[in-house]
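If you use numbering that gives the first Met the number 0, the sequence shown closes out at 484, no skipped numbers anywhere.
Glycine residues also receive a C-beta, built at the ideal position from the N, C-alpha and C atoms.
Remember, it's a predicted structure, so these values are computed and weren't measured experimentally.
Comments concern the structure below.
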Amino acid sequence: MGDKKTFKSAITPLVDSSVDGVIGKKFTGYLASELRGWVILPLAALGLAGFMALLLAVARVPGAEFLLPWTGQTFFQKGLVAHVTFAFVVWYMGVHGAMSVMATSECAERLGVQAGPVSEVVGKTAIYGATLSLFMMLIPAIADLGEPSLNNYIPVLVHPLFYMGLGTLAVCLSLLVLRLLAMVVRMREVEASVFGIAAAGIIYLISLICVVAAIMTIPQNAGVVGTNEYIMWGGGHVLQFANTVLMLCAFYILSRITLGETPIKDIWFKVMVLIMVAGAATGPFMYLIFQAGDPTQRMAFTYLYWFALSGPSAVILLSFIVLLYKHRIDLINSAPEATGMVVALGLFAFGGLIGFFEGSVDTRTPSHYHAMLIAVTLGFIALYFALFLPLIGIQVANPRLRTSIYLLLGGGQFLHSLGLYLAGVDGVVRKTAGVAQGLDSLWRVATMSIMGLGGVIAVIGGVIFIVLAGRMLLARDSRSIKATQ
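Following this line, the structure appears as structure tokens:
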């Protein structure tokens, strides 16, 4: 732990919440350019996802099918695939890329080395390839190509271009992860958050191993939809370990920035992260232990997610709660990102709780994972304003707007998940829209209306983030152009 002044005086603050004085003290050269690319890419993906989310939320409001021409089930399913792909797959993997670049810069500084031309080629290949992958996945969605496969975790459009886009993005992030790990193994002591980011990278690689193992063991007569579900199920579960570790790393850095201390000793943070790596590492063995398509294999991944992930996560999250309670008075006058942490923690806890009481085919399942995923997103948004943007030379202001982002997105998602959960209790089926939802009672109409209202509120918060961060990036570009004239 450290003292607030020490952290804040480490570099010149460009944001009212300060920049972290432990990592990212020096960020120049091509790594700064890389970081900028990985900051812009997920922001663009989130913008596309937010637009699709608004359409999907409106499409599920009772009576929408009588007013709007695009509320059919086919549109809903393709729109859902596009929304999830950009909001969670590209957004999360993009932020993972940004955090990996940041950690790589920190490792290079601590090792006292300058990354060579090979590292630069790896970085450029990764960001250019990831940008290309975005278009490869977008084109089938907007050109009405392929059929939707609404499998869990990573739904897809069954089209070669969409699959190529996913594969390209996966390879590009792998390049950054491997580059980071090559530096981490050379270090005698690794800062806790860098350790966590590297651990998330290892888990990410494990998730890819699960995907490959699934492709090699596809059950016979699974069909197109069944095949996609089987391929993404195990890897998708393991990928949630990586996303959770990244969220915890974000909170760890944010608490140091906004409150001046971390909630748990570095060694214990590393131990909890290692436990999650160990849990994730059992994933590939599920394909050796169980026969392909065995329902027991499917449940084994679910139990892995429930117990191997929840235990160490709970230890770290409880330490955050204790720290926030300790600084409850300071939170009133602290940076908006402290509010973001509070909202994210509350939403994550709510999502985790209802996850133990979900149903497999009704809307209780999406109520759980939407709450969890948006909680992670809130942590990443706070990291944008507190660290990413200042690191690429952007002055962050508008504290009221930033606070509104966390309250609107978090509060809206709470209503959205609450409405979905209550509707699911009454048997409303997930992944449907319009008349297919069977909203034939006052309870179902009321709960799905709450869901729709919450969705719209959450989208407003997301739009404010995209517009605010986008304006800051554009203003930085404008200043750079003027400076060169």
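With respect to the 7 Å criterion, Gly409 and Val342 are classified as neighbours on the basis of their beta carbons. Beta bridge pairing from DSSP links Asp293 with no other residue. In the structure shown, Leu438 falls within a coil segment according to DSSP collapsed to helix, strand and coil.
For Leu156, DSSP records a beta bridge to Pro147. Scanning its chain for C-beta atoms nearer than 7 Å, with the 5 sequence neighbours on each side dropped, one finds around Asn227 the residues Ser148, Asn150, Val155, in chain order. A distance below 6 Å between beta-carbons, with the five flanking residues on each side excluded, links Leu407 to the following residues of its chain, in chain order: Ile456, Ile459, Gly460.
Ranked by Cα distance from Ile393, the first of Tyr383, Val223, Arg401, Gly453 is Tyr383.
Counting along the chain, Pro218 sits inside no alpha helix (DSSP H), nor does DSSP assign it H or E at all. Sequence-distant Cβ neighbours of Leu175 in its own chain, meaning closer than 6 Å and more than five residues away, are Gly96, Ser99, Ala125. Residue pairing from DSSP places Val428 in a beta bridge opposite Asp361.
One thing to note: Gln436 has its Cβ within 7 Å of the Cβ of Val427. Leaving aside the five residues that flank Arg443 on each side, the residues in its chain whose CB is nearer than 8 Å to its CB run, in chain order, Ala422, Asp425, Val427, Gln436, Gly437. Counting the other Cβ atoms within 10 Å of the Cβ of Ser440 gives fewer than 16, which makes it exposed. Two segments are said to touch when three or more pairs of C-beta atoms, one from each, lie closer than 8 Å; by this definition the region 357 to 366 does not touch the region 287 to 299. If you look at Ala337, you'll find it in the alpha helix (DSSP H) that goes 335 to 354. Its chain contains Tyr29, Glu33 as the residues whose beta carbon lies nearer than 8 Å to that of Lys123, once the 5 sequence neighbours on both sides are disregarded; these appear in chain order. Annotation: the continuous alpha helix (DSSP H) that includes Glu108 extends over 90 to 110.
Annotation for Gln290: Gln296 place their beta carbon closer than 8 Å to its own, counting only its chain and skipping 5 residues before and after.
Using a Cβ-Cβ distance cut-off of 8 Å, the region 204 to 212 and the region 222 to 241 are in contact, since at least three pairs of beta carbons, one from each stretch, lie closer than that value. By alpha-carbon distance to Leu168, the top candidate from Thr338, Leu133, Thr103, Leu303 is Leu133. Closest in alpha carbon position to Ile256, among Ile288, Phe387, Tyr304, is Phe387. If you draw a 10 Å sphere on the C-beta of Gly111, you find fewer than 16 other C-beta atoms in it, and that means exposed.
Under the three-pair Cβ rule at 8 Å, the region 396 to 405 does not count as touching the region 264 to 271.
Each of Ser173, Thr103, Ala81 was checked against the Cα of Met135, and the nearest Cα belongs to Ala81. Close CB contacts of Met186 within its chain, under the 8 Å cut and outside five residues either way in sequence, are with Cys106, Arg109, Leu110 (chain order). Note on Lys77: 16 or more other CB atoms within 10 angstroms of its CB, so buried under the neighbour-count rule.
In this structure, Tyr203 and Ala249 do not form a Cβ contact; the two beta carbons are roughly 16 Å apart against a cut-off of 8 Å. Shown here for Met163: same chain residues with a beta carbon closer than 7 Å to its own, the five before and five after excluded, namely Met135 in chain order. Note on Tyr302: under 16 other CB atoms within 10 angstroms of its CB, so exposed under the neighbour-count rule. Ranked by Cα distance from Val38, the first of Pro311, Phe319, Val94 is Val94.
Shortest Cα-Cα distance from Pro311 to any of Leu160, Thr446, Val244 involves Val244. Residues of the same chain with a CB within less than 7 Å of the CB of Leu414, apart from the 5 flanking positions on each side, are Ile449, Leu452, Gly453, Ile456 in chain order. Counting along the chain, no alpha helix (DSSP H) covers Thr281, and no H or E run does either.
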